[in-house]
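This report refers to the structure that appears directly beneath it.
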Amino acid sequence: MIEIKFFPIDIDYIEREEGIIIRIFGKTITGEKICVLDKSFKPNFLVIPEDNTNLSELLNQIKKISFEFDEKIIQVLDAELTKKKYLGKKVNAIKVFVRFTKEIKLIREYLKAIKEIKSIEEYDISSYKKYLIENKITPLSLCKVNGNIINTSLDVDIYVKGKVSQETDDILENPKVLSFDIETSNPASSVQGDNQPPIIMIGLAGSDGFRKCITWKEFKTSKKEIEFVSSEVKLLKEFKNIIKSYKPDYIVGYYSDGFDWPYIKARADFLKIDLDIGLDKKVIKFKRRAGNTSSVKINGIPHIDIWKFIKQIMSGDVASGSLQTQSYSLDSVAEEILGENKISLDILDLSDAWENNKGLEKFCLYNLKDAELCLRIFEKITPNINELVKIVSQPIYDVSKMTYGQLIENYLMKKTVDFNEIILKKPSFGERKARRYNTYTGGFVFEPKPGLYENLAVLDFRGLHPSIISAHNICLSTITDDKENSNESPEIDGIKFHFSYKEEGFIPQIVKELIERRIRIKEIIKKNESPVLKARSYALKIIAAGFHGYTGYFGARWYSIECSAAILAYARFYIKKLISKVEEFGFTVIYGDTDSVFIEIGNKNKDDILKFLKDFNNELPSLMELELESFYERGIFVGKKSAKTGAKKKYALINENKEIKIRGFEIVRRGWSNISKNIQRKVFEFILKENNVQKALDYVRKEVNEIKNKKLNMEDMVIRTQLNKNINDYESIGPHVAVAKQMLKKNIKVGPGSIIQYIVTKGTGLIRDRAKLVEDATDYDADYYINHQILPSIQTIFEVLGYKKEDLLEDEDQSKLKSFVKNG
DNA sequence: ACGCCCTGCTTACC
DNA sequence: ACTGGTAAGCAGGGCGT
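If you're matching positions, the first sequence starts at 215 in the numbering used here and goes up one per residue.
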């Protein structure tokens, strides 16, 4: 017997005659590759007997189950009596062990005939997941195995059979990462199958500084990183060799699940090459996932498509620390995260360059740079992925692909062990369908009165929804008909829900713990900021913030529309209470959305705001807290374009450091040309920074004339819209769909997710008939850009200041006269 | 052909 | 198909005149 300390990296199971065996690939503390077989785990599920059942009789009956199916003997290995909690209620349960995961389904069918059985639980959880949960093992965190070394033909240094247990929460430092990127001979081609253009370059970047671009047309170069092989077959074989000899802990790519791997697979199939790069020498597998995407699994080496993680978890509007980019291209993500860009060249020129073997070197460097950027983005977001791995305790391969809902669900599943709770079932197809029709009312949005305001304060509730869950004990396990001893929710369509306060619920306890941990971490960050702590705070935040959405999600195991509805009802209650208290105090509320109020300080001062904050917080339940978001010098709220009322979710503010904060306006929306965004930005600057409306007006008139008279940069005229469906599924053919059709005709690949770029050109008819691909557009329609891009983006702003649309178009002489009259 | 209203669709905010 | 609801606003679709 020996003991070896290691970090688990990838987990699956293998099948032997005697049953499944959990297999863990990892790295020892001395840096060796290790594979551990843990036989201690047996696939299992729970049987819940009807009340008043003779338990030992039922137990014996279950233990004896053995039948034949498909010429194989299916049998129960063992069963034991146990006590569990089902949503807080104590229940008797029989834990049933079998040899193979796939036997569970058959035995479950068999058990359905036994009338003493009330229900069967925990049968729909994959074995490695259950293994990690039951044994409280967190991947990437230090574990130990006690066992015996055995011989192996696997690509590892040590092969051990034994029992694994968690040691500490020290995480794997400096993993060896290999990033890759491919180029094909015709980057624009959408051809699939045997005629698919060949792969001509593979760029590789390793975390220890390793750099290589392999290609198969020789040319003169001094770059040592460029390696020549003689054919595409040799290229793919060399790619495999490098992976084998480099021995990366992870393989990362950018959109590699969506493009690089499927492409490599297609070419490898065509060229009859096995992609047997798993540490067990098995070929890579394509796991079907939601939609028409799949993800690539390499046994023993997590493959991480960072595009997926960035898009799903790091994207946009969730946290201040996260990405603001509107496009998930490698270039814009690299710019945002690293402050660095791709090598600038037109990749469409590659097909000519390849054909004529002319100027290929720069494409190789471009290819290599892409791989390098991908690697460095991965290194930058590693703390974020690691923190989520630590929280949900699932393999990095899985966590890097999880959506919010899955992160929360996996976290809840992990926490069941501490509470002895039964893991609830996934809803059936029918249930999901039925649940989808259930909706509930969301947050309250206060309609602003359009205007330019001075001296504002913005207050918001810290983590409103999680703090409500905790403060009012909202949970599937506490919801009750008992009106005594319970919290009563505000009325929802005439109904009030009740949540017992006798015992703290499963979810409220978990949420409370998350909130408290985050408060502690934020305290530490104040004194000592670090990327790891920031990532931890972010991870705790997104998990805590996701619960109310999760319980209202039709696919959730812990689904409860009542809980979600109640959380939101409380949220409306608190924000409305806040608004009325603010007004009682003598302030004017300008705006508010869900958990915030925008206050005009007016003839009072900042200290009054702080006093109000203190008073209000004194009356809030524990863990609920109203915070000062910031003071602002000036702010503008506009009216809707189609009606006289104030527009919600749109405002522009400037704080005391002259920083402008813009929400909802065209500037922050994709789908608007740069020309209109740039003009709008300038207008806000003149109005908010300089408080000079006349300057803004003059600027707009000048710009409008330039658009009319000059040929401005075509790049500024480009409109970008995302395609979200297959082209043929559109009922309504908008400009971007029409342009996507043009692209398909030219054999340029487009599909759901593609960002379609176009310019509206002169001509007659519908806009879609005049929308052209950027490369095909030789002019732009000035009228369109003035009336459909510029004016709409600034009109409502100027209306607030007393100007009409016509005022914006007048030439300068008239306008001076008019403003003279106006001011006089 | 034009104006009107409705709907499909995209993209924001929290 | 993968957390939820709330909201603005464009362009096309379809209708009547």
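From the three backbone atoms N, C-alpha and C, an ideal C-beta is built for every residue, glycine too.
- Taking 3 residues as the minimum length, the beta strand (DSSP E) runs contained wholly in the stretch 260-290 are 280-283, in order along the chain.
- For A419, the uninterrupted beta strand (DSSP E) segment begins and ends at 413-420.
- The count of Cβ pairs closer than 8 angstroms, one atom from the stretch 828-840 and one from the stretch 680-688, reaches three, so the stretches are in contact.
- Beta-bridge partners assigned by DSSP to Q936: I969.
- In the structure shown, F220 falls within a strand segment according to DSSP collapsed to helix, strand and coil.
- Here the C-alpha atom of P257 lies approximately 36 angstroms from the C-alpha atom of V746.
- For C689, the secondary structure class from DSSP, reduced to helix, strand or coil, is coil.
- From the listed residues C588, M928, S565, the smallest Cα separation to E549 is found for C588.
- According to DSSP, G423 shares a beta bridge with no other residue.
- For the set I524, Y542, I527, P476, the Cα lying nearest the Cα of K511 is the one of P476.
- As DSSP reads the structure, G849 sits in a beta bridge with Y667, L867.
- Excluding residues up to 5 positions away in sequence, I551 lie with their Cβ nearer than 6 angstroms to the Cβ of K594 in the same chain.
- Sixteen is the threshold: when 16 or more other Cβ atoms of the shown chains lie within 10 Å of the Cβ of I721, as they do, the residue is buried.
- Annotation: W886 to I933 spans about 6 angstroms, alpha carbon to alpha carbon.
- As summarised for the stretch 533-592, the continuous alpha helix (DSSP H) elements at least 4 residues long and confined to that stretch are 544-552, 564-570, given in chain order.
- Following the DSSP letters along the chain, one finds V725 inside the alpha helix (DSSP H) bounded by residues 720-741.
- The beta carbons of I941 and K955 sit closer together than 8 angstroms.
- Annotation note: the stretch 589-676 contains the following uninterrupted beta strand (DSSP E) runs of length 3 or greater, listed N- to C-terminal: 665-675.
- Using a Cβ distance threshold of 8 angstroms, A991 and M838 do not count as a contacting pair.
- In this structure R237 is buried. Its beta-carbon is surrounded by 16 or more other beta-carbon atoms within 10 angstroms.
- Assignment of beta-bridge partners to N306 by DSSP yields K297.
- Taking 8 angstroms as the cut-off, the beta carbon of I893 is found no closer than this to the beta carbon of I1000.
- At the C-beta level, S703 and Y784 come within 8 angstroms of one another.
- Of the other Cβ atoms in all chains shown, 16 or more fall within 10 Å of the Cβ of R732; this residue is therefore buried.
- When the beta-carbon positions are compared, I491 and K458 come within less than 8 angstroms of each other.
- Using a 10 angstroms sphere on the CB of V405, the tally of other CB atoms stays under 16, which defines it as exposed.
- Within the same chain, I416 come within 6 angstroms of F453 by CB-CB distance, once the 5 residues on both sides are set aside.
- Looking from the CA of N600, the closest CA among L386, D997, K960 belongs to L386.
- Partner residues in the beta bridge of K358, as assigned by DSSP, are K219, S379.
- When C-alpha distances from V391 are compared across F281, A585, E1013, N274, the shortest belongs to A585.
- DSSP places I498 in no alpha helix (DSSP H); its state is neither H nor E.
- Contact check for S379 and K358: beta-carbon distance about 6 angstroms, within the 8 angstroms limit, so the pair qualifies.
- Bridge pairing for S393: A419, V466 [DSSP].
- Counting C-beta pairs with one atom in each stretch, the stretch 859-879 and the stretch 914-929 have fewer than three that are closer than 8 angstroms, which means they do not touch.
- Cβ atoms of F220 and G240 come within 8 angstroms of each other, at about 4 angstroms.
- It is roughly 14 angstroms from the alpha-carbon of G619 to the alpha-carbon of S774.
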